[in-house]
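*Asks:* Chains as they are written, first to last, in my numbering: chain W, 39 to 341; chain E, 4 to 308.
Cβ atoms here follow ideal geometry from the backbone N, Cα and C, with glycine treated the same way.
Keep in mind it's a predicted model, so treat the numbers as computed, not measured.
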């Protein structure tokens with residue numbers, strides 16, 4: 039009676055593990071391939087993917103590429119020879135990529151910092167003081183958060199036009215500072231701080247600023263990290279805003295510029311793509327727990 | 004002397020809870036104002052201007068034409084195309100995202116080895132910027148690409164993934180790849196929050212796994228399902244990124260998304276068209292989200308509270 043049941047258990051476990059592996063491979067594969075390809079020399083990339091990328095080249099310049107090109111596309115995980123020439127080209131010889139990378143940094147980092155500072159105040163206000171009006175305003179924030187870019191970009195654009203900040207970084211950064219997402223999430227975190235703690239501080243004579251800066255903010259340290267990670271990923275990945283707000287391509291972040299890399303330089307593009315991943319991957323490796331916490335708490339709509 | 008009286012005053016105030024003291028109200032305003040100022044300036048006030056623009060004939064004349072702009076945009080063939088494509092995409096991608104991510108969360112609930120590593124792996128696409136990954140999608144889905152090679156090995160004829168009716172399938176895959184991990188985390192948290200004793204009682208009553216899932220877990224998960232659905236819906240509008248980075252401003256017909264329409268309208272700076280389109284989208288979002296809330300309210304009623 040017991041044995042077949044046990045065997046079925048083991049069978050089930052193996053099956054589920056296999057499914058999990060399959061999923062894991064398909065989730066990891068594209069990333070790993072990109073990284074692996076960045077270590078190939080441009081000749082090897084050309085041999086492997088020439089079929090795909092040279093057709094565009096032909097139409098562009100009207101001439102054939104004379105290098106050897108494999109008939110089929112050749113997906114490879116391990117380069118024939120690890121070659122860092124793509125990286126040295128990107129990092130040492132072509133400053134434009136680094137410039138675009140810097141554009142991404144200078145857009146994203148201030149947004150993360152100021153969005154959180156501003157949101158901390160708002161979250162504190164929503165947590166400490168409740169009233170009919172507060173509920174309405176909070177609802178407004180949530181509704182705004184739920185609107186897709188296509189809706190919010192139009193008002194953003196109008197304001198940027200009035201303030202004459204179109205074509206400058208401010209047109210992306212200022213709306214970013216006030217994006218309601220952090221407010222929503224930080225409010226959820228802050229409402230978990232027990233009220234008795236605040237009451238106790240009050241009895242000890244703490245003023246509002248002290249309650250805010252000595253109790254609420256330090257208790258939210260972990261959540262601030264979570265929110266910062268989520269906001270960073272979101273803006274590091276931005277495509278829509280620069281396309282609309284910045285007509286000057288020199289100011290575009292790397293996330294937009296990458297797709298415009300000349301098709302003749304596919305090898306380079308892989309290296310640039312990998313470099314662009316580095317910050318987010320590092321954040322992921324060091325902050326996965328914070329990230330997971332942040333996502334988990336964003337979860338329940340109510341409360 | 005006054006110091007001794009302070010606590011008593013505090014107590015009195017805390018009894019009258021509904022009313023905020025003057026000081027509290029002042030503080031509430033101070034801490035909220037930076038954020039509220041920005042939100043009003045960048046989102047709310049201009050949105051009223053957007054409504055105004057949508058109702059007038061042009062920014063110089065300011066003559067009210069009421070719904071003419073809406074009618075003309077609804078009759079605009081590019082808008083129709085974009086709306087249809089975006090809607091089709093969302094209708095397919097959102098339910099798939101919900102079901103698959105719930106499946107993944109339940110898979111990781113099972114007793115299998117390396118669960119935390121699997122969680123990391125499943126979540127990893129979220130960290131990869133879209134721009135970094137489009138190259139490999141090109142390599143995989145190009146006409147001469149790796150997937151077609153596989154397809155041909157199976158004996159079928161190659162498919163032009165980006166320029167055929169299959170293109171929507173490709174972007175659904177790209178969308179799922181990027182978003183499933185995030186949704187899975189939400190479901191894992193929700194599954195964890197289901198009270199164990201309820202499930203234990205069910206086990207004692209010899210309920211099957213399916214019964215436990217259908218009658219218990221699903222009920223407790225309903226608010227999370229709603230949230231994941233709304234989140235996926237919002238994210239489904241962001242699939243424009245993949246499409247744009249892969250195929251540019253004017254992609255194949257079935258890939259022409261609302262954001263393409265907006266971008267191209269921004270270029271011609273047709274405020275009337277833009278405003279009307281934005282309002283229509285906002286309304287549709289409100290209706291859809293409202294409906295989702297109503298459905299959830301009916302379905303998850305039993306376990307609230």
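How many Å lie between residue 267 of chain W and residue 329 of chain W at the Cα?
*Replies:* Start at 1 with the first residue of the first chain, and residue 267 of chain W comes out as number 229. Start at 1 with the first residue of the first chain, and residue 329 of chain W comes out as number 291. In a straight line, the C-alpha of residue 267 of chain W is about 6 angstroms away from that of residue 329 of chain W.
*Asks:* Report the residues of the region 54 to 70 of chain W with a CB closer than 8 angstroms to any CB of chain B, ordered along the chain.
*Replies:* Reference to chain B is not applicable here, since the protein chains of this structure are W and E.
*Asks:* To the nearest angstrom, report how far apart residue 77 of chain W and residue 29 of chain E are at their CA atoms.
*Replies:* Looking up residue 77 of chain W in the first chain gives position 39. Looking up residue 29 of chain E in the second chain gives position 26. Each residue's Cα considered, the two are about 59 angstroms apart.
*Asks:* Grouping DSSP H, G and I as helix and E and B as strand, with all else coil, what is residue 304 of chain W?
*Replies:* Residue 304 of chain W sits at position 266 when you count from the first residue of the first chain. Helix.
*Asks:* So, under 8 angstroms CB-CB, residue 184 of chain E and residue 129 of chain E are touching, yes? Tell me the CB distance rounded to an integer number of Å.
*Replies:* Translated into the one-based positions of the second chain, residue 184 of chain E becomes position 181. Translated into the one-based positions of the second chain, residue 129 of chain E becomes position 126. Residue 184 of chain E to residue 129 of chain E, Cβ: 5 angstroms. Contact.
*Asks:* Apply the 10 Å Cβ neighbour rule to residue 10 of chain E and answer buried if 16 or more other Cβ atoms are within range, or exposed otherwise.
*Replies:* The sequence position of residue 10 of chain E within the second chain is 7, counting from 1. For residue 10 of chain E, the predicted structure reports a pLDDT of 45, less than 50, and the residue's modelled location is therefore unreliable. A value from the coordinates is still provided. Exposed.
*Asks:* Which residues bound the alpha helix (DSSP H) around residue 35 of chain E?
*Replies:* The sequence position of residue 35 of chain E within the second chain is 32, counting from 1. From DSSP, the alpha helix (DSSP H) with residue 35 of chain E extends over 25 to 42.
*Asks:* Could you work out which residue in E/284, E/270 and E/292 is closest to residue 190 of chain W when comparing CA atoms only?
*Replies:* Here residue 190 of chain W refers to the residue found at position 152 of the first chain. Minimum Cα distance to residue 190 of chain W is reached at E/284.
*Asks:* So, does the CB of residue 203 of chain W fall closer than 8 angstroms to a CB anywhere in chain E?
*Replies:* On the first chain, position 165 is the one that residue 203 of chain W refers to. By this cut-off, residue 203 of chain W is not an interface position.
*Asks:* In the region 216 to 242 of chain W, which residues sit with their C-beta less than 7 angstroms from some C-beta in chain E, listed in chain order?
*Replies:* Against chain E - using a Cβ distance shorter than 7 angstroms - the residues of the region 216 to 242 of chain W are 216, 218, 221, 240 and 241.
*Asks:* So which residues of chain E does residue 281 of chain W contact, with C-beta pairs closer than 7 angstroms?
*Replies:* Residue numbering aside, residue 281 of chain W sits at position 243 when the first chain is read from its first letter. By Cβ distance, chain E contributes 266.
*Asks:* Can you find at least 3 beta carbon pairs, one from the region 32 to 46 of chain E and one from the region 149 to 169 of chain W, that sit closer than 8 angstroms?
*Replies:* yes
*Asks:* Straight-line CA distance for residue 133 of chain E to residue 201 of chain W?
*Replies:* Here the question's residue 133 of chain E lines up with position 130 in the second chain. Here the question's residue 201 of chain W lines up with position 163 in the first chain. Residue 133 of chain E and residue 201 of chain W: Cα-Cα distance of roughly 31 angstroms.
*Asks:* Going by alpha carbons, who is nearest to residue 261 of chain E out of E/62, E/212, E/240 and E/300?
*Replies:* For this step, residue 261 of chain E is matched to residue 258 along the second chain. Among E/62, E/212, E/240 and E/300, the Cα nearest to that of residue 261 of chain E belongs to E/240.
*Asks:* So what's residue 70 of chain E in DSSP terms, helix, strand or just coil?
*Replies:* Locating residue 70 of chain E in the second chain gives position 67, where the first residue counts as 1. Residue 70 of chain E: coil per DSSP, three-state reduction.
*Asks:* Any C-beta of chain W within less than 7 angstroms: which residues of the region 142 to 172 of chain E qualify?
*Replies:* The residues in question are 142, 145, 147, 148, 149 and 152.
*Asks:* Quick one: grab the DSSP three-state call for residue 59 of chain E.
*Replies:* As a position in the second chain, residue 59 of chain E is number 56, starting the count at 1. Note: residue 59 of chain E maps to strand in three-state DSSP.
*Asks:* Hey, does residue 34 of chain E have any beta-carbon neighbour from chain W nearer than 8 angstroms?
*Replies:* Your numbering for residue 34 of chain E matches position 31 in the second chain. Interface residue, yes.
*Asks:* Where does residue 173 of chain W fall in DSSP's three states?
*Replies:* What you label residue 173 of chain W is simply residue 135 of the first chain in a count that begins at 1. Helix.
*Asks:* Relative to the C-alpha of residue 103 of chain E, which candidate in W/180, W/125, W/61 and W/87 has its C-alpha closest?
*Replies:* Residue mapping note: residue 103 of chain E aligns to position 100 of the second chain, counting from 1. If we check each option's Cα against that of residue 103 of chain E, W/61 comes out closest.
*Asks:* I'd like to know if residue 127 of chain W contacts chain E, where contact means its C-beta is closer than 8 angstroms to some C-beta of that chain.
*Replies:* One-based indexing of the first chain puts residue 127 of chain W at position 89. Using beta-carbon distances, residue 127 of chain W does not count as an interface residue toward chain E, since no partner is under 8 angstroms.
*Asks:* Between the Cα of residue 245 of chain E and the Cα atoms of E/177, E/211, E/60 and E/27, which residue gives the shortest distance?
*Replies:* Against the second chain, residue 245 of chain E aligns to sequence position 242. Of the listed residues, the one whose Cα sits closest to residue 245 of chain E is E/177.
*Asks:* Give the C-beta separation of residue 325 of chain W and residue 263 of chain W to the nearest angstrom, bearing in mind that I take them to be a contact with Cβ-Cβ under 8 angstroms.
*Replies:* Position 287 of the first chain, counted from the start, is the residue given in the question as residue 325 of chain W. Position 225 of the first chain, counted from the start, is the residue given in the question as residue 263 of chain W. With a Cβ gap of about 6 angstroms, residue 325 of chain W and residue 263 of chain W count as contacting.
*Asks:* Tell me the rounded alpha-carbon separation between residue 214 of chain E and residue 203 of chain E.
*Replies:* The sequence position of residue 214 of chain E within the second chain is 211, counting from 1. The sequence position of residue 203 of chain E within the second chain is 200, counting from 1. Approximately 13 angstroms, taken between the alpha carbons.
*Asks:* Near residue 255 of chain E, which residues of its chain fall below 7 angstroms by C-beta distance, leaving aside the five closest residues on each side in sequence?
*Replies:* On the second chain, position 252 is the one that residue 255 of chain E refers to. Excluding sequence positions up to five before and after residue 255 of chain E, its CB lies within less than 7 angstroms of the CB of 165, 166 and 170, all in the same chain and listed in chain order.
*Asks:* With a 10 Å radius around its C-beta and 16 neighbouring C-beta atoms as the bar for buried, classify residue 39 of chain E as buried or exposed.
*Replies:* Taking the second chain and counting its residues from 1, one reaches residue 39 of chain E at position 36. In summary, residue 39 of chain E is buried, with 16 or more beta-carbon neighbours lying within 10 Å of its beta-carbon over all protein chains present.
*Asks:* Find the residues of chain W that neighbour residue 293 of chain E, judging by a C-beta separation of less than 8 angstroms, and give them in chain order.
*Replies:* By one-based count along the second chain, residue 293 of chain E stands at place 290. By Cβ distance, chain W contributes nothing, its closest Cβ being about 11 angstroms from residue 293 of chain E, past 8 angstroms.
*Asks:* Rounded to whole angstroms, what is the Cα-Cα separation between residue 218 of chain E and residue 188 of chain W?
*Replies:* Stepping through the second chain from its first residue, residue 218 of chain E is reached at position 215. Stepping through the first chain from its first residue, residue 188 of chain W is reached at position 150. Looking at the two C-alpha atoms, the distance is approximately 39 angstroms.
*Asks:* Going by C-alpha distance, which of W/312, W/276, W/270 and W/305 is nearest residue 321 of chain W?
*Replies:* By 1-based counting over the first chain, the position of residue 321 of chain W is 283. Closest option to residue 321 of chain W, Cα to Cα, is W/270.
*Asks:* Counting contacts by CB-CB distance shorter than 8 angstroms, is residue 90 of chain E in contact with chain W?
*Replies:* Here residue 90 of chain E refers to the residue found at position 87 of the second chain. Chain W, which has no Cβ nearer than 8 angstroms to the Cβ of residue 90 of chain E, makes this no.
*Asks:* What residue range does the alpha helix (DSSP H) around residue 116 of chain E cover?
*Replies:* Here residue 116 of chain E refers to the residue found at position 113 when the second chain is read from its first residue. Here residue 116 of chain E belongs to no alpha helix (DSSP H), and DSSP marks it neither H nor E.
*Asks:* Contact defined as beta carbons within less than 8 angstroms: I believe residue 279 of chain E pairs with residue 63 of chain E. What is the distance between those atoms, to the nearest angstrom?
*Replies:* By one-based count along the second chain, residue 279 of chain E stands at place 276. By one-based count along the second chain, residue 63 of chain E stands at place 60. That pair is no contact at about 17 angstroms.
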